[in-house]
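Novice: Position 187 of the sequence shown, counted from 1, bears residue number 992 in the numbering used here, the numbering being contiguous throughout. By construction, the Cβ of each residue, glycine as well, lies at the ideal position given by its N, Cα and C atoms.
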Amino acid sequence: MRLSTPLALFGAAVLVLVGPPLLTTGSGAETGTQIPGLRFMVPNTPGGGYDITARTAAKNAEDAELTHNIEVFNLPGAGGTVGLSRLVSEHGNGKLAMSMGLGVVGAVRSNDAPKTLADTTPIARLTEEQDVVVVSKDSPYESVEQLVGAWKANPGKLPVGGGSSPGGPDHLAPMLMAKAAGIAPKDVNYIPFDGGGELLASILGNKVAFGVSGVGEYLDQIKAGELRVLAVTGPERVDELDAPTLKESGYDVDFTNWRGIVAPPGLSDAERDKLVRLVQELHDSPEWQKSLETNGWDDAFLTGAKFGDFLDAQDKRVVSVLKELGL
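1) Tell me the rounded alpha-carbon separation between P826 and H1088.
2) Quick check: what's the CA-CA separation for R860 versus V965?
3) Output needed for G927: all residues of its chain with C-beta closer than 7 Å, excluding positions within five of it in sequence on either side, in chain order.
4) Determine the extent of the alpha helix (DSSP H) in which Q1094 is found, giving its start and end residues.
5) With DSSP collapsed to three states, give me the class of N865.
6) Which residues share a DSSP beta bridge with F1015?
7) Going along the chain, which residues of its own chain have a beta-carbon closer than 7 Å to the beta-carbon of V1126, five neighbours each way excluded?
8) Rounded to the nearest angstrom, what separates I1027 and V1034 at their Cα positions?
9) Is T886 helix, strand or coil when you go by DSSP?
10) Leaving out the 5 sequence neighbours to the left and right, which residues in its chain are closer than 7 Å to D868 when beta-carbon positions are compared?
11) In whole angstroms, what is the alpha-carbon distance linking V887 and L901?
12) Apart from the five residues just before and just after S948, which ones in its own chain have a Cβ nearer than 7 Å to its Cβ?
13) In whole angstroms, what separates the C-alpha of P1049 from that of G1001?
14) Are V938 and V847 close, meaning C-beta to C-beta below 8 Å?
15) Quick one: using the 10 Å Cβ neighbour count with 16 as the cut-off for buried, is A929 buried or exposed?
16) List the endpoints of the continuous beta strand (DSSP E) containing L1107.
17) Check whether the region 877–886 touches the region 901–920, taking contact to mean three or more Cβ pairs, one atom from each stretch, closer than 8 Å.
18) Alpha carbon to alpha carbon, what distance is there between R844 and P1069?
19) Excluding the 5 residues preceding and the 5 following T872 in the sequence, name in chain order all residues of the same chain whose CB lies nearer than 7 Å to its CB.
20) E1041 by DSSP, collapsed to three states: which one?
21) Note down the Cα distance separating K864 from S1096, rounded to an integer number of angstroms.
22) To the nearest angstrom, report how far apart E895 and I1008 are at their CA atoms.
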């Protein structure tokens, strides 16, 4: 049945009046950050730095009502390059993002991966953090000086574990530490794990003499007394930790890690801009700022093309450091 003209006009007027509020209810809708069906890939195992970052970001974004029902899933393998390959294959998928960092940059090089971060859409760098040098609570090493003394005496018999492939942060940090202590990096017995979660069990079980990983990954275990932190790798002490820097302990090392987000290639400008806008609003939220403090992360926010330039520079840095170490 056909509506009469007055009734049709009334209906149109109702839609005009009712429509806009429905479209702009909630902060996410108002700022254009709602991405229904957004999935967040973690390219290593649960419990690692990428995993903690992704799940924290997803929860904070939902708590801030920027978007809803973000699915976080793990796709580990080959230091993050399995996940990277999957991401690149999702050409044009504006509802997928991946948590990543310096570890993936190094893994691409060490695994000679066919896909690189240059094949992705850069979204944002989020955080920077120091690594920690840790041992189990019942380790015989009470200080970094004791550890290095034993390490220098027989480098091959003191395995060091890290949550990244060769070329990643947990590999580069102990290699730089070894060089500063007068140990040939090639003599270091480095055992890679696919993320800090896998590494933790080996440290606690004394299967490695010591481990190197991000502050945020092991902060809870350090506070609980399960791990003993001997040193931090950055330029300054970490407020929540009773540990010296490597530099003040006599080893010329100043090293920090970072983490960020990339998306598949082939996104439209609108899809890319929406992801960047979501992460920008997340960064500015009280929820995220609180998480930075809680996890001991430093704010290192950088978006879009500038982040892409940073990724290119980091790739060149990894190559340079590996050559310098003779690796």
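Specialist: In short, the structure shows the following:
1) The residue labelled residue 826 in the question sits at position 21 within the sequence shown. The residue labelled residue 1088 in the question sits at position 283 within the sequence shown. Bear in mind that a pLDDT of 38 at P826, under 50, signals an unreliable position, so the number given afterwards is only what the model happens to contain. Going by the C-alpha atoms only, they are around 26 Å apart.
2) Working through the sequence shown from its first residue, we reach residue 860 at position 55. Working through the sequence shown from its first residue, we reach residue 965 at position 160. Those two C-alpha atoms are separated by around 28 Å.
3) As a position in the sequence shown, residue 927 is number 122, starting the count at 1. In the sequence as displayed, the identity of residue 927 is Pro instead of Gly. For P927, where only same-chain residues beyond five positions count, the Cβ hits under 7 Å are V1067, G1109, F1112, G1113, L1116.
4) Looking up residue 1094 in the sequence shown gives position 289. Taken as a continuous stretch (DSSP letters only), the alpha helix (DSSP H) holding Q1094 covers 1091–1100.
5) Within the sequence shown, numbered from 1, the residue matching residue 865 stands at position 60. DSSP places N865 in helix when its eight states are reduced to three.
6) Locating residue 1015 in the sequence shown gives position 210, counting from the first residue. Looking at the DSSP assignment, F1015 forms a beta bridge with V965.
7) Counted from its first residue, the sequence shown places residue 1126 at position 321. Only L977 meet the Cβ criterion.
8) Residue 1027 sits at position 222 when you count from the first residue of the sequence shown. Residue 1034 sits at position 229 when you count from the first residue of the sequence shown. Each residue's Cα considered, the two are about 7 Å apart.
9) By 1-based counting over the sequence shown, the position of residue 886 is 81. In the structure shown, T886 sits in a helix (DSSP, three-state: H, G or I).
10) Residue mapping note: residue 868 aligns to position 63 of the sequence shown, counting from 1. Its chain contains E1092 as the residues whose beta carbon lies nearer than 7 Å to that of D868, once the 5 sequence neighbours on both sides are disregarded; these appear in chain order.
11) Counting from one through the sequence shown, the residue named residue 887 turns up at place 82. Counting from one through the sequence shown, the residue named residue 901 turns up at place 96. If you take the alpha carbons of V887 and L901, they lie about 15 Å apart.
12) The sequence position of residue 948 within the sequence shown is 143, counting from 1. For S948, where only same-chain residues beyond five positions count, the Cβ hits under 7 Å are L1035.
13) Walking along the sequence shown from the start, residue 1049 turns up at place 244. Walking along the sequence shown from the start, residue 1001 turns up at place 196. Between P1049 and G1001, the C-alpha separation is close to 22 Å.
14) The sequence position of residue 938 within the sequence shown is 133, counting from 1. The sequence position of residue 847 within the sequence shown is 42, counting from 1. No, they are not a contact pair.
15) The residue labelled residue 929 in the question sits at position 124 within the sequence shown. Counting C-beta atoms within 10 angstroms of its own C-beta, A929 has 16 or more neighbours from the protein chains shown and is therefore classed as buried.
16) Position 302 of the sequence shown, counted from the first residue, corresponds to residue 1107. Run containing L1107: 1103–1108, per the beta strand (DSSP E) assignment.
17) yes
18) Position 264 of the sequence shown, counted from the start, is the residue given in the question as residue 1069. Position 39 of the sequence shown, counted from the start, is the residue given in the question as residue 844. Between P1069 and R844, the C-alpha separation is close to 12 Å.
19) The count along the sequence shown starts at 1 and reaches residue 872 at position 67. Correct list, in chain order: G833, T838, Q839, I840, L843, A866, L1083.
20) As a first step, residue 1041 is located in the sequence shown; it is residue number 236 there, counting from the start. Coil.
21) By one-based count along the sequence shown, residue 864 stands at place 59. By one-based count along the sequence shown, residue 1096 stands at place 291. Roughly 10 Å between the two C-alpha positions.
22) Residue 895 sits at position 90 when you count from the first residue of the sequence shown. Residue 1008 sits at position 203 when you count from the first residue of the sequence shown. So the alpha carbons of these two residues sit roughly 36 Å apart.
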